[in-house]
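Numbering (the working numbering), first residue to last: 53 to 228. Beta carbons are placed, not taken as given, at the ideal position from N, Cα and C, and that holds for glycine. A quick note: this is a predicted structure, and the numbers were derived from the prediction, not measured.
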Amino acid sequence: MKLSDKRVIAFVENDFEDLEMWYPVLRLREEGATVHVVGDQENKEYVGKYGVPIVSDYSYNDVNFYEYDAVLVPGGWAPDKLRRDKKVIEIIQYMNDQKQIIGQICHAGWVLISAGILSGKRVTSTPGIKDDMTNAGADWTDDAVVVDGHIVSSRRPPDLPDYLRELINVLENKSK
């Protein structure tokens, strides 16, 4: 399996976009990656915008994020909550400083904005936050998926196949 030696954090909060959480989690697991769902509490059930639940493996404060190769931020309304948590921001900033893979889709760009890591980066997102992204210094483009170094961004659920193809490629080619 392509990603059998990779470890990935998938952030969660209520009102995540169901497909933007589950599709990446399942695809990465299919490729052999260990994916842990991480929320504000361990073993808590979170419910997506369309009612599909997921249970967290760890809390933000308890996950040893230094041991992970990537972090995923789903869209929906969850990013507006995620970006308010200091530990989430700390983890995103650490992953960015270490050039670990950061995957973000749809409204997830809000978390990267709050972490202050988008200046000079080429990214995409849902067009609804284009102004937020450009005001944070990003070079925003309306493409299905954009890879800028260790940041892989995408727009919305119909782009998930393109997003995961590129995310898997970047993660597979990342050296430990």
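Is it buried or exposed for P126, if we count other Cβ within 10 angstroms and need 16 for buried? Looking up residue 126 in the sequence shown gives position 74. The residue is buried, with at least 16 neighbouring Cβ atoms inside 10 Å.
Could you check if Y98 is buried or exposed, using at least 16 other CB atoms within 10 Å of its CB as the buried criterion? Looking up residue 98 in the sequence shown gives position 46. By the neighbour-count rule (16 or more Cβ atoms within 10 Å), Y98 is buried.
Are the stretch 186–197 and the stretch 137–150 touching by the rule of at least three beta carbon pairs closer than 8 Å? no
Quick one: what's got a C-beta closer than 6 Å to A130's C-beta in the same chain, skipping five residues either side? Counting from one through the sequence shown, the residue named residue 130 turns up at place 78. The residues are E65, D67 and F68.
For the 8 Å Cβ check, are there 3 or more pairs between the stretch 210–223 and the stretch 149–157? yes
Curious, which full-length alpha helix (DSSP H) runs of at least 4 residues does the stretch 98–150 contain? 130–134 and 138–149
Would you tell me roughly how many angstroms separate the C-alpha atoms of F63 and G84, rounded to the nearest one? Here residue 63 is taken as the residue at index 11 of the sequence shown, counted from 1. Here residue 84 is taken as the residue at index 32 of the sequence shown, counted from 1. One C-alpha to the other measures close to 19 Å.
For V60 versus L80, is the C-beta distance shorter than 8 Å? Sequence index remark: in the sequence shown, residue 60 carries index 8 (1-based). Sequence index remark: in the sequence shown, residue 80 carries index 28 (1-based). Yes, the Cβ-Cβ distance between V60 and L80 is below 8 Å.
Among A122, N95 and V90, nearest to V115 - alpha-carbon criterion: Along the sequence shown, one-based indexing puts residue 115 at 63. The shortest Cα separation from V115 among A122, N95 and V90 belongs to V90.
Residues near S171 by beta carbon distance below 8 Å, same chain, minus five either side: Working through the sequence shown from its first residue, we reach residue 171 at position 119. Around S171: A188, G189 and A190.
Mind checking whether K133 and H202 have CB atoms under 8 Å apart? To locate residue 133, count along the sequence shown from 1; it is residue 81. To locate residue 202, count along the sequence shown from 1; it is residue 150. Against a cut-off of 8 Å, the Cβ pair of H202 and K133 comes out as no contact.
Could you pull the start and end residues of the beta strand (DSSP E) that I154 belongs to? Taking the first residue of the sequence shown as 1, we reach residue 154 at position 102. Segment I153 to I157, the beta strand (DSSP E) holding I154.
Could you have a look at T186 and say whether DSSP puts it in helix, strand or coil? Numbered from 1 along the sequence shown, position 134 holds the residue referred to as residue 186. Three-state DSSP puts T186 in a helix.
Ignore the nearest five residues each way along the sequence and tell me which others in N113's own chain have a CB closer than 7 Å to its CB. Locating residue 113 in the sequence shown gives position 61, counting from the first residue. Only K139 meet the Cβ criterion.
D92 versus R136, D121 and K58, residue with shortest Cα-Cα distance: Within the sequence shown, the letter at position 40 stands for residue 92. Among R136, D121 and K58, the Cα nearest to that of D92 is on R136.
Suppose you measure from the CA of E94 to the CA of D121; what does that come to, to the nearest Å? If you number the sequence shown from 1, residue 94 lands on position 42. If you number the sequence shown from 1, residue 121 lands on position 69. Rounded to the nearest angstrom, the two C-alpha atoms are 20 Å apart.
As assigned by DSSP and simplified to three states, the class of I203: Counting from 1 along the sequence shown, the entry for residue 203 is found at position 151. If DSSP states are grouped into helix, strand and coil, I203 belongs with the strands.
Can you give me the Cβ contacts of K54 inside the same chain, cut-off strictly under 7 Å, excluding the 5 residues immediately before and after it? Along the sequence shown, read from residue 1 onward, the residue named residue 54 stands at position 2. Within the same chain, K54 has close Cβ partners E83, G84, I220 and E224.
Hey, would you say V175 sits closer than 8 Å to M185, going by beta carbons? Taking the sequence shown and counting its residues from 1, one reaches residue 175 at position 123. Taking the sequence shown and counting its residues from 1, one reaches residue 185 at position 133. Yes, these two residues count as a Cβ contact at 8 Å.
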